[in-house]
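Before any comments, here is the structure.
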Amino acid sequence: MAVAVGVWGSWLWHAIPDGGARWRCIATSTASQLSPTALIEMQNNVFNKEKDRQSSLTPRTEKIEVKLVGKTDPGTMFVMNKNMSMPYSCAMHLSEWYCKKSILALVDEQPWDMYKPLTKPCEIQFLTFKDRDPGEVNRLIDSLVP
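Position 56 (the sequence shown) corresponds to 56 in the UniProt record's numbering; numbering is contiguous.
The following block contains the structure:
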């Protein structure tokens, strides 16, 4: 029963008597030579480096507080994402009615498009064409159009 063996790099050529042959990798990793404690420490270091690398790729999202003023639900506070959340995002947290009926928002008493991101903590009020003075809503919308 003769067995032919050959080595090429870290590969072992193994021929068996029934005519079959195959290459097998004989490389041993450094991890298999470490103690369990050292192995865990090495894995933790690799994990922490990768976590830090991925964290550095994504900047942290700053939060702002938005307070609702108006007839319904006054004083409701939202914690929203700065420069990402819009008045429409706040409306979605309230109800579908606010999403469908609100035409414009007053942010710190300034006209604000429903899809313009909020940049700082503020007070917000939603305006509709069903408000007491819809002409005022039209005038404010016209002031936003360049």
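Heads up, the beta-carbon is just placed ideally off N, CA and C, and yes, glycines get one too.
Cutoff 7 Å: residue i Cβ touching any chain C Cβ
{"i": "methionine 92", "result": "Here there is only one protein chain, and chain C is not present."}
Top-ranked residue by Cα proximity to residue i, from the options
{"i": "methionine 80", "options": "Pro121, Asn44, Trp112", "result": "Pro121"}
{"i": "proline 131", "options": "Arg60, Ile64, Gly70", "result": "It should be noted that the sequence gives aspartate, not proline, for residue 131. Comparing Cα-Cα distances from aspartate 131 to each of Arg60, Ile64, Gly70, the minimum goes to Gly70."}
{"i": "lysine 100", "options": "Thr76, Asn44, Leu127, Thr58", "result": "Leu127"}
{"i": "lysine 63", "options": "Pro117, Asp113, Asn44, Glu136", "result": "Pro117"}
{"i": "proline 59", "options": "Asn83, Pro36, Leu94, Asp73", "result": "Asn83"}
{"i": "serine 95", "options": "Ala38, Gln43, Asp73", "result": "Asp73"}
{"i": "tyrosine 98", "options": "Glu136, Phe129, Gln110, Glu109", "result": "Phe129"}
{"i": "methionine 86", "options": "Met77, Gln110, Tyr115, Thr37", "result": "Tyr115"}
{"i": "residue 154", "options": "Glu109, Ile124, Glu136", "result": "Any property of residue 154 remains undetermined from this structure, which presents the chain solely from 1 to 146."}
Delimiting residues of the alpha helix (DSSP H) encompassing residue i
{"i": "asparagine 83", "result": "Unbroken run through asparagine 83: none, as it is neither H nor E."}
{"i": "phenylalanine 126", "result": "Premise fails: phenylalanine 126 lies in the beta strand (DSSP E), 122 to 127, not in any alpha helix (DSSP H)."}
{"i": "glutamate 96", "result": "96 to 101"}
Limits of the beta strand (DSSP E) - the one that residue i falls within
{"i": "leucine 68", "result": "63 to 68"}
{"i": "proline 59", "result": "Per DSSP, proline 59 belongs to no beta strand (DSSP E) and is neither H nor E."}
{"i": "proline 111", "result": "110 to 112"}
Residue i, DSSP secondary structure in three states
{"i": "proline 117", "result": "coil"}
{"i": "leucine 34", "result": "coil"}
{"i": "lysine 130", "result": "coil"}
{"i": "alanine 2", "result": "Any reading at alanine 2 needs caution, since the residue's pLDDT is 48, under 50, leaving its predicted position unreliable; the model's value is listed next. In the structure shown, alanine 2 sits in coil (DSSP, three-state: anything other than H, G, I, E or B)."}
Evaluate the contact criterion for the region 47 to 57 versus the region 97 to 113: three or more CB pairs, one atom per stretch, below 8 Å.
no
Sufficient close CB pairs (3 or more, under 8 Å) joining the region 56 to 69 to the region 81 to 94
yes
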